[in-house]
Amino acid sequence: MYALAAAAIPLLIHLLNRRKIKRIPFSTVQFLKRLEKKQMRNLRIRQLLLLLLRTLIILLLVTAFARPTLQSGAGGILAERSPIEAVIILDNSLSLNEARLTGTLLDKLRQAFSALEEVFQAGDRITVLQATLPQQVLANQEPFQIDLWERIGQKLQSNYLKSDLDNALLQALEQLRQSAYSNREIYLVSDFQESALQNPVQFEELLKKPGYREIKLFAVPITHENYENISVDSVEVVNRLIEINQPLRIKAFLHNHHPEKYLNTLASVILNENRVAQQNVSIPPQQTAEVEYQATLTENGFVQGRIETESDALQEDNRRYFNFYVPNRIKVLHLFPPENFTSFVPLIIQPAMERGIFDYTGDVLPNWSNRNFTDYDIIILEGINQLPENLLLRLKYFLENGGGMLAIPGDNIVISQYQALFRELGLGDILELRGRAGESGQFLTLQEIAREHPVFEGLFEAREQRLNPIEVYAGYRVRPGAEAQTLLQLSDRSPLLLQAKLQGGTAFFLSSPLQPEWSQLPLKGFVVPLIYRLIYYSGARKVADRQALRCGLVFQQQFTNLEAPFEFRVSGGSGAEIKLTPRLRGSTVFLEFRETELPGNYRFFHNDEILSILSLNSWKEESRLRFYNEEKLKEILPAVNYLGSIGGIAAEVQKNRFGKELWKYFLIAAFILLGVEMILARTGAKKEYAELAESA
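Written out as C-alpha cells, the structure reads:
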C-alpha cells in the first residue's frame, strides 16, 4: 500500500511545470489580452481535470494490485495476505478405494489435494496428516515449496486402514493452538463417514474456546457414487472341538450396502489355498445374510482359511481371513499307582491311539519326576491317593503354559493334599467322601449336562432331552470355585465333572473314581466319547489358535519353553518374510509385530516350526456407507467452510479468507479513466490549435 504515494506524481509534475511559466509582455492591443485570458482559463481547467484523472488512475491501479476485498471482520476493505500455518488432513482410508468408471475415490482425493496447492504461497507452513489408524505424518511443519505436493502425492497409496478423523483433528487443533502464526487453517479432505468421527460432540465445545475459535476450518468432501458392494463382515468357525476327517462348520456374514437393489455374489470357502465349498447368495438391500458351509477336514496342524466373494465396487472388503489348529498327535502322560491297578483309560482311547490321534505313555506315579511335562500335551492322574507338593507345583506350571490335566481320584485320598490341588488350580474345595463303593442300594444319578460346552458339542441330537440314567454310588463331595464350571451335575446338585481354566491351560476333575464299584460310568457307552473329548480338548489348548486382529493394530504374543537358537520370523501378507527381535524374560519370549497394514494370514516361525497364525482383516466399519452431509457437518463442526467443488477450491478458499475481491473492478475503472484522459488530452489540444489558427 506504500505505492499509494505514487498518486502525488501528477501533482508534482503539474507544480513543477507551473513554476516554469514566464510572463511575456504583449502590446497593448485589447484583443490579444482578452484572448490570452480566455486561453489561460481553459488551459487551467483542462490541466486540473487531467491532473485529477491521472491521480485517480494511479490510485485505482495501486488499489487493484493490493487486491482489496469486501469482508466483515478484521482487516477491512484493504486486507492483505499474511503467512499461514495450515494442517491438511487426508482421510486416505479403506473406503476411498471404491471403484468408479473414471477411477477410484482415491484418485479424487489426490485431485482435491492437488487443488489445494494453489491456496498457498511462499512463507506459508504446511503439515499433512493421513487420518488413519495408525496415524501417519506425511509432512511436518514444512515451508511451502513447489516439490512438496509432488512428494506427498507419491505417498498417497491405497490401504486397508480405518479412518480416525477424531485424533487427527484433535492433533491439528492442538498444533495450531500453539502456533505463532496469526492465520491458521485446517483442511479436512474426507468422505466423512459416521464411523470416522466417533465423538463429534467434543468438537462443538472445543471450537468455541479461545485459541481454537480463531482457526479456520475447511471441509472438502469426497462423495461416493457406486453403492454396489457386498462386504464379508465376519467369519465364525462353529466347531470349537475340531477333528480331522470330521465335519467342519463355518459361518460367514455378508452385508449388502446398496440402499435399493438386491445384490448377488458367489461366496467361497478356501482352506490352505484349496476351495472346499461355495454358495450363490442373494442379499436384500442394506441387509446381512448368514451363510453356513460344511466341509470335511483332511489336514491337521495350522489351517489357514478365508471367505471370498466376487468383485464389486469395493474389492478390499471381499475377503475375510481366519485360522484354526487341528492337533496332529496329542501326547498323553498317564500316571497311576505302582501297585496292582486296573484302568479303563487305555481301553477307552485305544481306537484313537490306533488312528494316530493320541500318543499314549503310561507310567507309575513314583516316576513322575523323571518325566519332562513339557513333552506332553495332557497329564492324566488316576487312582492317586497322595499328591507330593513338588508334583503340585509342576502341574501348576504345566497348566499355566497351556497344558491340560484330567484328575480321577483314588479310593482313599488324602483330603488335605487334594484341597491344596484345588486351591492351586482354582477348582474350589473338596470336602469329604460321600457314599460307599460297592453298595448299589443308595446312589445318585447324573442329572444335568452342560451341553453348550465344546466337550459335548455335537454329541447329542437337538431333540434328545435326557440321557439314559447313570448311577453313582460313591464319590467325593466338591464345592466348585468361583471360576470353575460344572460340566456334569448329580441329582443332589453336586458336581461329577468340574473344569477350571488356568491361563492357557485347562484342568478337569472327576469326583468319582472310574471304577464299576463307584459308578456305572465305566460300563456306559457315554464314557468313551466323554474321556476321548476331555483328553482331546485339554490337550489341544497348548497351541493358541484363532488369533485375529484388525489392520493397523499392534500384535503381541508370548511363548514359553522354546529352545535356542531364538530365530523368529513372520511370513504372510505381501509374501515377504519379516524378522522379529524377541524380548526375553526368563524362559518366556515376547514377540511384537507392528507391520499389520495388509490383511492376510501371517505365520509366526521359531526356526522352522510354526508357533501360531494371526489373521489380519480390514475394519468392517469402513464398508458402511453412512456419511455426514453438509448440514450435519456444520452442526458438529461450527463455522466449518464446506467446499463442495474440487475445481473451485482455490476461489472458494480465497473468498472465505478475504471476502469478495474488488481488484477487477478497480482495474476496469482505471482503464476507463485512462481512456477518458487520453480523449480529453487529445481533444483539448486540437481545440487549442484551432482557436489559435482562427485568431491568426
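Just so we're aligned: 775 in the numbering used here is position 626 of the sequence shown, and the numbers increase by one with no gaps anywhere.
Even glycine gets a Cβ: it sits at the ideal position worked out from N, Cα and C.
(request) Taking only the alpha-carbon atoms, compute the straight-line gap between LEU765 and TYR751 and give it to the nearest angstrom. (result) 8 Å
(message) Below 8 Å, how does it come out for the stretch 240-254 and the stretch 464-474: are there three or more Cβ pairs, yes or no?
(response) yes
(request) From the DSSP output, in three-state form, read off LEU702 for me. (result) coil
(request) Report the three-state DSSP secondary structure of THR458 (helix, strand or coil). (result) coil
(request) With a cut-off of 8 Å on the beta carbons, I'd call ASN449 and ASN477 a contact; round off their distance for me. (result) 5 Å
(message) Less than 6 Å between C-beta atoms, sequence neighbours within five positions excluded: which residues of the same chain meet that for GLY224?
(response) Residue confidence is low: GLY224 scores 43 on pLDDT, short of 50, so the model does not pin down where it sits. No coordinate-derived value is stated.
(message) Determine whether the beta carbon atoms of GLU343 and TYR791 lie at a separation below 8 Å.
(response) no
(message) For GLY559, which residues in the same chain have their Cβ closer than 6 Å to its Cβ, ignoring the five residues on either side in sequence?
(response) GLY532, ILE533 and ASN534
(request) Tell me whether MET827 is buried or exposed, calling it buried when 16 or more other Cβ atoms sit within 10 Å of its Cβ. (result) exposed
(request) Can you tell me which of GLN320, LEU420, LEU305 and LEU310 puts its alpha carbon nearest to the alpha carbon of GLN290? (result) GLN320
(request) Following the continuous alpha helix (DSSP H) through ARG300, name the residue where it begins and the one where it ends. (result) 297-304
(request) Tell me whether TYR309 is buried or exposed, calling it buried when 16 or more other Cβ atoms sit within 10 Å of its Cβ. (result) buried
(request) Kindly indicate which three-state DSSP category PHE675 falls into: helix, strand or coil? (result) coil
(message) Which residue marks the beginning of the alpha helix (DSSP H) containing LEU322, and which one marks its end?
(response) 314-326
(request) Please name the residue or residues paired with GLY584 in a DSSP beta bridge. (result) ALA623
(message) Is it the case that the stretch 577-589 contacts the stretch 616-634, given that we only count it when at least three CB pairs across the two stretches are under 8 Å?
(response) yes
(request) Provide the residue(s) that pair with PRO283 in DSSP beta bridges, ordered along the chain. (result) DSSP output for PRO283 lists no bridge partner at all.
(message) Let me confirm a value: THR730 is counted as buried when at least 16 other C-beta atoms fall within 10 Å, else exposed. Which label applies?
(response) exposed
(message) My assumption, with CB atoms under 8 Å, is that ASN405 sits in contact with ILE379. Please give the rounded CB distance.
(response) 6 Å
(request) Sort VAL369, PHE471 and VAL825 by Cα distance to THR204 and report the nearest one. (result) VAL825
(message) Would ASP296 pass as an interface residue toward chain D - the criterion being a Cβ-Cβ separation below 8 Å?
(response) This model lacks chain D altogether, as it is built from one protein chain only.
(request) Using the Cα positions of SER640 and ASP578, report the straight-line distance between them to the nearest angstrom. (result) 19 Å
(message) Within the continuous beta strand (DSSP E) that includes TYR336, where are the two ends?
(response) 332-339
(request) List the residues that DSSP assigns as beta-bridge partners of THR655. (result) GLY553 and LYS650
(message) So within the stretch 433-486, which uninterrupted beta strand (DSSP E) runs reach at least 3 residues, ignoring any that extend past its ends?
(response) 437-445, 450-457, 468-475 and 479-485
(message) Quick check for students: name the residue ranges of the alpha helix (DSSP H) that lie wholly in the stretch 762-831, counting only runs of 4 or more.
(response) 779-785 and 798-807
(request) Sort LEU763, ASN805 and LEU544 by Cα distance to TYR567 and report the nearest one. (result) LEU544
(request) Tell me whether ILE194 is buried or exposed, calling it buried when 16 or more other Cβ atoms sit within 10 Å of its Cβ. (result) exposed
(message) Less than 8 Å between the C-beta atoms of PHE367 and TYR336, yes or no?
(response) yes
(request) Say whether the stretch 688-704 touches the stretch 546-555, bearing in mind that this needs 3 or more beta-carbon pairs closer than 8 Å, one atom from each stretch. (result) yes
(request) State the Cα-Cα distance for the pair TYR525 and THR447, rounded to the nearest angstrom. (result) 24 Å
(message) For ASP461, count the other beta carbons within 10 Å of its own beta carbon; 16 or more makes it buried, fewer makes it exposed. Which is it?
(response) buried
(request) Pull up the distance between the alpha-carbon of LEU636 and that of SER643, whole angstroms please. (result) 11 Å
(message) Do THR445 and ALA416 have their beta-carbon atoms positioned less than 8 Å apart in this structure?
(response) no
(request) Could you check which residue in ASP240, LYS480 and LEU536 has the C-alpha nearest to that of ASN561? (result) LEU536
(request) Taking LEU659 as the reference, give the member of GLN638, ARG362 and LEU672 with the closest Cα. (result) GLN638
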